[in-house]
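Structure first, then comments.
In my numbering, the protein residues as written are 17 to 477.
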C-alpha cells in the first residue's frame, strides 16, 4: 500500500512538472490582443483581405536596419542607378538585372494597421525581375515580404505572433503594370474558376526608415496570401501535405532534370522526402505514354490532379502570361493534397498576366512548344481526351468572369477604387510616367480581354 502511495505521489509530481513546462506564461507587449496577435486566433480574411477599400500599412524601420537592407541589395545586385541613386542611399551607375541566388536580408520592423502595432516583424525585399530590374533603375517601390514571428528567438515576447492569424504575407509592387490590376484580377479569376490561388487585396504602404523625414508613401501594393502559410488550409482543408516551390531546370519536369535542390520544400522540410515529385517525373516521362497510353494515363491520374491542371492551363493561356511554366521555370507551387494523395498545381506571381506586350506567350495549341522540354503541357495536351477537356475549359472560362462584358465591369470597379492611391504615387515610388498611363490602362485591359476572347473563340481544337 505504501509503495502504491509513493508511486502515485511520484506520478503526480512528474505530471505537475510536465504541465508547468507546457504552460509558460509570456508577458506580451502592451497592445497585444488574442484576436489580432495570437497564433490560436482564427484567420481573419475579412479584415486582412478587405475587398471593399484600399487598406493601409505603416512600417517603421530603424535607420541602422534600413541601411542594412540597402547595403545587402547592393551586395546582391550592385549599385542602383536612376535619380538619386535609388532607394534610400546615393548610388553609382545602373546595376544589372541578374537574379540573386540568395534571399535578401531580413530585419525587424514595427507594423501598424488601424492603430494596432505588431512588434519586431521580419521584413525583407523579395522577387526576381520586379526586384532586380526595379532596384537597378533606382526605384524605391520594391516588393516586400513580412514574417510576423521571424525574430521570436531574439524576442520571446512575440513568440508565435500573427497578423489576424497570418504568419507571413507578401507585398507585390505591381511592377510594370500601369493598371495595378494584373496580380489581383488574375488570382481572383483563377479562384472563381476553381483553380487554387492566393487571396489578394490593395494596400497603401507607408514607411518611416529612421531618416528623420517620417512616413513616406511607398505607393499602392497588392497584398498576396502566402501559399504555404494559410492558403493550403483554407482551400484544401489541410496543410500537412508536401508543398513545393520549383525553380530552375527541375521545374520543367523534363527527363533527367530531377534535382531536389531546385524543388524547395515549403512544408515538411525536415523529412527529406521528395518521392511524390520523383514519381511524377517518372510517370510523365515514362515510355508508357507511347507504348501503353491507357496505363500511362492511369498512373498519371493516380498522383496528379490532371483535371485541375487543365483548368489552370486553359485559364492561364486565355489570360496570357509570359512569366509562367512553358516559358519560364518558376512561378508555381505544387501541393500533395493529403485528402487524395494527388499533386495539385497552384499558380503564383501573376503580375505579368493579362499582358499582350510580350510576343512569346503560349499559343492555344502550344504549336511552338517543345513538348519534351515542357512535358506537363506537351505530353498532356497530346492526349486526345485531355485536349478535349482543355478545349472545353477554354470555352467555359471565356464565358465566365473573363467574358468582356463581365471583365470590363470588374476592371472598372477596381480602377475607380484605387485611382486616388495611384494618383498619390510620385518620384522613385512609382512605375508610371504620369497619371494618364493609369487612366489609359483601363482601355488597354479591355482591349486585351476582347482580343483574347475572340482568339479563344476562333481557336479550332
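Cβ atoms here follow ideal geometry from the backbone N, Cα and C, with glycine treated the same way.
It should be emphasised that the depicted structure is a prediction, and the values quoted were computed from it without experimental measurement.
Cutoff 8 angstroms; reference residue i; Cβ partners in own chain excluding five residues on either side
i, result
"residue 462", "420, 423, 424, 427"
"residue 324", "210, 211, 212, 360, 361"
"residue 342", "378, 382, 385, 390, 393"
"residue 319", "292, 295, 296, 299, 357, 358, 359"
"residue 263", "278, 280, 345, 346"
"residue 400", "none"
"residue 133", "45, 47, 126, 127"
"residue 168", "174, 175, 176, 177"
"residue 410", "330, 333, 334, 380, 472, 475"
"residue 309", "399"
"residue 84", "121, 123"
"residue 417", "204, 205, 208, 209, 423, 426"
According to DSSP, residues forming a beta bridge with residue i
i, result
"residue 238", "188, 218"
"residue 358", "353"
"residue 233", "222"
"residue 72", "220"
"residue 138", "124, 163"
"residue 363", "348"
"residue 281", "260"
"residue 133", "128"
"residue 337", "369"
"residue 209", "Answer is none; residue 209 lacks a bridge partner."
"residue 196", "BP columns for residue 196 are empty, so no partner."
"residue 320", "359"
"residue 179", "182"
From the options, residue whose alpha carbon lies closest to that of residue i
i, options, result
"residue 334", "341, 369, 318, 321", "369"
"residue 396", "302, 293, 345", "302"
"residue 398", "318, 305, 47, 166", "305"
"residue 86", "387, 142, 313", "142"
"residue 231", "122, 282, 220", "220"
"residue 372", "227, 433, 194", "194"
"residue 6", "456, 407, 458, 445", "Because the chain in this structure spans residues 17 to 477, residue 6 falls outside the shown range and cannot be described."
"residue 453", "431, 465, 466, 467", "431"
"residue 446", "51, 163, 236", "236"
"residue 476", "285, 165, 176, 380", "380"
"residue 74", "137, 329, 290", "137"
"residue 238", "197, 246, 276", "197"
"residue 243", "228, 52, 260", "260"
"residue 275", "283, 266, 282", "266"
"residue 326", "144, 412, 366, 312", "412"
"residue 145", "366, 49, 129", "366"
"residue 152", "90, 282, 316, 49", "90"
Local Cβ density within 10 Å of residue i, reported as buried at 16 or more and exposed below that
i, result
"residue 356", "exposed"
"residue 158", "buried"
"residue 14", "Outside the displayed range of the chain (17 to 477) lies residue 14, so it cannot be described from this structure."
"residue 241", "buried"
"residue 119", "exposed"
"residue 331", "buried"
"residue 388", "exposed"
"residue 451", "exposed"
"residue 227", "exposed"
"residue 289", "exposed"
"residue 88", "buried"
"residue 285", "exposed"
"residue 467", "exposed"
"residue 135", "buried"
"residue 321", "buried"
"residue 215", "buried"
"residue 314", "exposed"
"residue 8", "Because residue 8 is not part of the residues shown, which for the chain are 17 to 477, the question remains open."
Where the beta strand (DSSP E) containing residue i begins and where it ends
i, result
"residue 161", "160-163"
"residue 413", "Premise fails: residue 413 lies in the alpha helix (DSSP H), 400-414, not in any beta strand (DSSP E)."
Neighbourhood of residue i by C-beta, 7 angstroms cutoff - its chain only, sequence neighbours within 5 removed
i, result
"residue 225", "77, 79, 82, 104"
"residue 44", "173"
"residue 37", "Because residue 37 sits at a pLDDT of 36, beneath the cut-off of 50, its placement in the model cannot be relied upon, and the point is left open."
6 angstroms Cβ shell around residue i - same chain, five flanking residues per side excluded
i, result
"residue 469", "414, 420"
"residue 254", "354"
"residue 471", "none"
"residue 60", "180, 181"
Residue span of the alpha helix (DSSP H) that contains residue i, given as start and end
i, result
"residue 156", "Per DSSP, residue 156 belongs to no alpha helix (DSSP H) and is neither H nor E."
"residue 391", "391-397"
"residue 45", "Segment: none, residue 45 is in no alpha helix (DSSP H) and carries neither H nor E."
"residue 85", "79-93"
"residue 420", "420-439"
"residue 51", "50-53"
"residue 305", "304-307"
"residue 243", "Run containing residue 243: none; DSSP gives neither H nor E here."
"residue 61", "61-64"
"residue 454", "451-474"
"residue 300", "291-300"
"residue 252", "248-252"
Cutoff 8 angstroms: residue i Cβ touching any chain B Cβ
i, result
"residue 291", "No chain B is present in this structure, which holds just one protein chain."
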